[in-house]
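Comments concern the structure below.
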Amino acid sequence: MDFTFSDDQLAFHDSVKGFLTNEVTPEAIRDLWQRDGGRSDELWGQLAELGLTAMTVPEQYGGLGLDALDFVLLAQECGYAALPEPLVETVMVAVPLLAGLADEHRQLQEHWLSRVASGEARLAVGHPSNPLVADAHIADLLLLCHGDEIHAVPAQQVQLRASESVDPSRRLFAVDWTPSDATRVAGGESGRRLQAEALDHGALACAAQQLGLANRMIDIAVDYSFERKQFGSAVGSFQAVKHLMANVAVKAEFSRAVLYRAAFAAARGQANAAIAASHAKIVATEAALLAARNGIQVHGAMGYTWEVDLHIFMKRAWALDGAWGTRGFHKARVGDFVFADGAPLGAGATFEAR
Amino acid sequence: MKISFSAEDERFRDEVAGWLADNLRGEFESLRFRGGPGDEHSFPEERKTWERRLAEGGWTGVGWPGAVGGRGLSINQQVIFHEEYARAGGPGRMGHIGEGLAGPTLIAFGSEAQKARFLPGILAGTEYWCQGYSEPGAGSDLANVKTRAERVDGRWRINGQKVWTSLAHESDWCFVIARTEPGSVGHRGLSFLLVPMDQPGIQVRPIEQITGTCEFNEVFFDDAVTDADNIVGAPGDGWKIAMALLGFERGVSTLGQQMQFQNELDQVIAIARDNGQAQDPVMRQRIADAWIGLRIMRYNSLRMLSGPQDGSLSKAAMIYKLYWASWHRDLGKLAMDVLGPEAEILEGAPYDLTRLQSLYLFTRSDTIYGGTNEIQRNIIAERALEMPREPRLG
Ligand SMILES: Cc1cc2nc3c(=O)[nH]c(=O)nc-3n(C[C@H](O)[C@H](O)[C@H](O)COP(=O)(O)OP(=O)(O)OC[C@H]3O[C@@H](n4cnc5c(N)ncnc54)[C@H](O)[C@@H]3O)c2cc1C
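This is the structure in structure tokens:
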């Protein structure tokens with residue numbers, strides 16, 4: 001039993017964290033809000049240069065051939081930074097989905113995955129658990145679900161209708177397109193399996209970001225609790241304020257192991273990966289939502305302003321709460337698992353891979 | 355005990371409903387269900403016109419005593435008025451700070467001349483008020499007010515800054531807590547001043563909220579002036595009056611607020627029915643909890659309002675802010691959860707929130723303004739339960 005990350009994983013994490021801290025500042029995010037499309041090709045180029053877009057692309061297509069466990073710490077940092085670019089969804093959902101297609105689609109995979117790895121092309125995923133498609137406007141290829149099927153549709157063949165999100169960083173689109181034999185890349189049993197995996201990966205991707213968001217909001221609120229003085233003291237010195245943040249810390253800290261366990265299950269393709277992902281999404285989301293609520297509370301009226309950065313993170317947590325399955329959906333899955341005949345529940349089954 | 359309305363009350367209900375049906379239409383139709391929590395910035399001019407219509411019908415100051423021009427309704431009839439107003443979708447009241455806070459304070463503490471000068475404008479819907487309490491350094495620690503006022507040439511001259519002043523940009527008057535005794539600290543040396551907003555010494559700057567709209571403001575006083583008579587009570591009485599005013603916030607105006615809550619809950623229930631969430635047992639229980647909580651508030655308000663006014667129900671009054679604020683905050687979250695994955699999608703661009711999204715965001719502030727939840731708990735513990743005081747809360 002070993003929950004620690006390797007030195008390589010940790011070193012890469014540090015360098016990515018450093019990059020995000022310097023480049024993806026709240027000011028930079030607010031800047032992107034003002035731009036048409038809300039995205040920066042330059043930033044995407046930098047992320048590709050760091051090797052991030054290549055992380056989960058198989059080596060044969062010019063990628064690094066890594067997995068969810070290698071990326072989960074980075075996904076957390078993307079949450080911590082509230083990175084507007086769809087890196088986490090690309091690496092954890094879109095690339096594995098494309099790479100998971102049957103061998104007959106090697107050409108398609110090679111064409112697109114090599115370009116994703118190098119940063120020349122971008123992907124977006126339309127999945128029934130999300131009413132709209134995030135970042136469809138910058139995608140060169142869209143992977144769209146249709147019944148049991150999955151279709152790979154080049155950007156030229158879709159029409160987009162933009163919707164705004166409560167999170168001004170998110171760009172959402174209704175996609176009009178026509179499924180055809182030419183675009184179908186999976187169907188039937190394999191289509192269902194790939195869709196189910198995409199959902200699990202999406203939930204895991206959200207969970208990782210939610211934990212990062214929770215930690216960011218804790219840090220912001222704790223800092224503020226030093227700065228803000230009332231009754232002659234830093235408000236952080238009041239027990240009631242301490243308890244607000246301590247309650248968040250407990251949730252955030254305890255969701256960490258759940259997240260890593262889920263990343264492990266995903267990376268190893270374990271049969272329980274779905275339940276592990278649901279578990280992670282539930283607890284990490286609850287941590288982030290409480291961090292948002294209590295973070296605002298610690299800020300008093302300041303926390304209710306557009307100018308204070310807290311809402312950048314709070315709104316992302318809110319948006320991700322509903323993405324890739326709500327808490328209600330994931331809790332129901334856990335419930336079904338617990339009550340299934342012969343469910344591996346007892347002592348000794350904690351880490352069972354079924 | 356008697357928990358029912360009389361035949362006369364029911365006739366009154368018909369009268370209110372009839373008046374609203376006849377008047378809340380035409381040019382006012384589009385105001386139905388608007389201007390509530392999170393939506394206060396909407397249609398200010400139209401809602402002021404509506405206030406004047408209400409005034410013509412005799413529906414402002416319904417709980418004020420007849421002697422000062424109010425309608426002097428019984429508690430029962432006030433309840434009925436608020437129920438019918440909410441049922442008809444009556445717009446959020448632009449005049450609520452004047453009618454609910456400034457007016458009752460003047461009625462309780464103002465001079466005859468002040469009552470004669472200010473109450474008619476509130477009742478007629480021609481003069482609007484804002485509340486100048488909070489400052490950059492005085493939030494929870496309200497007694498730390500630094501804004502100064504001094505007597506110069508028969509007037510008060512005011513210097514300092516207020517912040518978070520709701521609707522200051524729509525207001526004609528502000529009641530300001532200012533330090534009138536130089537060198538004083540804490541509760542002592544504060545006075546309650548009535549200050550006209552339209553003057554060169556006052557600058558109002560909007561503050562953008564997380565909703566992307568601006569309902570509150572910074573207000574700068576730079577040699578602002580008001581007449582010497584525009585002080586309520588004596589110099590130094592400011593704290594006492596300021597606190598009494600907060601008590602009015604927990605009075606009859608809560609009835610209207612609860613009816614607003616009921617409308618919001620009804621909307622959530624309707625959506626749940628519509629989108630199938632009503633079949634989800636967890637959601638059903640949460641909605642049931644919300645209903646339970648709202649009824650708790652309602653019964654308790656009615657008990658407080660109809661009971662002896664000798665302070666014996668003051669514990670219930672102290673608990674009220676904490677209870678409704680927490681309940682409303684949870685309702686905001688419930689609304690989003692009922693919407694599910696659709697919850698994040700805006701009505702339109704740019705940053706045009708749906709009513710429920712506004713509600714969700716606005717309810718993040720309910721546990722902050724008018725005394726934060728933490729401060730409310732301190733008050734309950736120290737005043738209601740008489741537990742030992744916090745070391746620093748003087
Ligand atoms: C939407 C909105 C509208 C408002 N409208 C008005 C208005 O019209 N007029 C007006 O005057 N003001 C208004 N306010 C201001 C409001 O009254 C203050 O926000 C409130 O009093 C809290 O002060 P603060 O924001 O400075 O928070 P702070 O006092 O800085 O509090 C920060 C945190 O510290 C905690 N804290 C502080 N002291 C203690 C303590 N002793 N023990 C435990 N915890 C403590 C608080 O609970 C909070 O969590 C409005 C605020 C909002 C959000």
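Going down the list, the sequences are from chains W and C.
The numbers in the first sequence follow our numbering, run straight up by one, and end at 354.
The numbers in the second sequence follow our numbering, run straight up by one, and end at 748.
Glycine residues also receive a C-beta, built at the ideal position from the N, C-alpha and C atoms.
Predicted, not measured: the structure shown is a model, and the values here were computed from it.
Proximal residues of chain C, C-beta to C-beta of residue i below 8 Å
i               : result
histidine 311/W : Ile564
8 Å Cβ cutoff, residue i in contact with chain C
i                 : result
glutamine 230/W   : yes
valine 250/W      : no
alanine 240/W     : yes
tyrosine 304/W    : yes
asparagine 130/W  : yes
leucine 32/W      : no
alanine 319/W     : yes
threonine 285/W   : no
phenylalanine 5/W : no
leucine 172/W     : yes
alanine 277/W     : no
Nearest candidate by alpha-carbon position, reference residue i, set the options
i                : options                                : result
leucine 659/C    : Leu685/C, Phe602/C, Ser680/C, Asn617/C : Phe602/C
glutamine 46/W   : Ala117/W, Gly100/W, Asp36/W            : Ala117/W
alanine 280/W    : Arg35/W, Gly325/W, Ala48/W, Glu77/W    : Gly325/W
alanine 208/W    : Val16/W, Glu23/W, Val334/W, Val258/W   : Val258/W
arginine 39/W    : Asp14/W, Leu101/W, Leu87/W, Phe71/W    : Leu87/W
threonine 285/W  : Gly303/W, Glu110/W, Glu227/W, Phe329/W : Phe329/W
glutamate 362/C  : Gly372/C, Asn430/C, Ala409/C           : Asn430/C
alanine 271/W    : Ala203/W, Glu197/W, Gly335/W           : Glu197/W
alanine 121/W    : Ala317/W, Asp135/W, Ala186/W, Pro131/W : Asp135/W
asparagine 571/C : Gly486/C, Leu427/C, Phe472/C           : Gly486/C
valine 558/C     : Leu548/C, Phe546/C, Phe575/C           : Phe575/C
alanine 186/W    : Ile150/W, Ala162/W, Gln195/W, Cys206/W : Ile150/W
methionine 637/C : Ile585/C, Ile673/C, Asp691/C           : Asp691/C
serine 520/C     : Arg743/C, Tyr653/C, Val499/C, Ile561/C : Ile561/C
aspartate 140/W  : His127/W, Arg115/W, Pro96/W            : Arg115/W
Proximal chain C residues relative to residue i, where beta-carbon distance stays under 7 Å
i             : result
glycine 236/W : By Cβ distance, chain C contributes nothing, its closest Cβ being about 12 Å from glycine 236/W, past 7 Å.
Under 9 Å from the C-beta of residue i: neighbouring residues of chain W
i                : result
alanine 703/C    : Ala162, Ser163, Glu164
glutamine 711/C  : Val166
asparagine 719/C : First, the residue type needs correcting, since residue 719/C is serine and not asparagine in the sequence shown. Residues of chain W passing the Cβ test: Ile296, Ala301, Gly303, Tyr304.
Residues that residue i contacts on chain W, provided the C-beta gap is smaller than 7 Å
i             : result
alanine 697/C : Gly322
valine 636/C  : Gly328
Chain C residues whose Cβ lies nearer than 9 Å to that of residue i
i               : result
glutamate 307/W : Ile561, Glu562
aspartate 167/W : Glu698
threonine 183/W : Correct list: empty, because the minimum Cβ distance to chain C is about 25 Å.
Beta-ladder partner(s) of residue i, from DSSP
i               : result
threonine 726/C : None; threonine 726/C has no bridge partner.
leucine 548/C   : Phe529/C
glutamate 286/W : According to DSSP, glutamate 286/W bridges with nothing at all.
lysine 229/W    : Ala234/W
proline 154/W   : Leu141/W
serine 163/W    : Leu172/W
Within chain W, the residues that residue i reaches when beta carbons sit closer than 8 Å
i                : result
isoleucine 722/C : Ile296, Gln297, Gly300, Ala301, Gly303, Tyr304
tryptophan 373/C : Chain W residues near tryptophan 373/C: none, gap ~36 Å exceeds 8 Å.
threonine 726/C  : Gln297, Gly300
glycine 694/C    : Gly322, Thr326, Gly328
Any chain W beta carbon closer than 8 Å to residue i
i                : result
glycine 493/C    : yes
arginine 731/C   : yes
tryptophan 593/C : no
arginine 657/C   : no
glutamate 740/C  : no
aspartate 684/C  : no
tryptophan 483/C : no
tryptophan 678/C : no
aspartate 393/C  : no
Any non-hydrogen atom of ligand 3 within 7 Å of residue i CB
i              : result
cysteine 484/C : Annotation note on ligand 3: not contained in the displayed structure, which lists ligand 1 as its ligands.
Can you find at least 3 beta carbon pairs, one from the segment 187 to 195 of chain W and one from the segment 254 to 265 of chain W, that sit closer than 8 Å? Taking 8 Å as the limit for Cβ pairs, the verdict is that the segment 254 to 265 of chain W does not touch the segment 187 to 195 of chain W.
Would you call the segment 307 to 320 of chain W in contact with the segment 209 to 221 of chain W, where contact means no fewer than 3 C-beta pairs closer than 8 Å? yes
Are there three or more Cβ pairs, one per stretch, closer than 8 Å when the segment 403 to 410 of chain C is compared with the segment 444 to 452 of chain C? yes
Three or more C-beta pairs below 8 Å linking the segment 141 to 158 of chain W and the segment 168 to 177 of chain W: yes
Taking 8 Å as the cut-off, does the segment 539 to 548 of chain C touch the segment 590 to 599 of chain C (at least 3 CB pairs, one atom from each stretch)? yes
Is there contact between the segment 64 to 82 of chain W and the segment 5 to 19 of chain W, where contact requires at least three CB pairs shorter than 8 Å? yes
Pairing CB atoms from the segment 160 to 171 of chain W with CB atoms from the segment 313 to 320 of chain W, are three or more of them under 8 Å? yes
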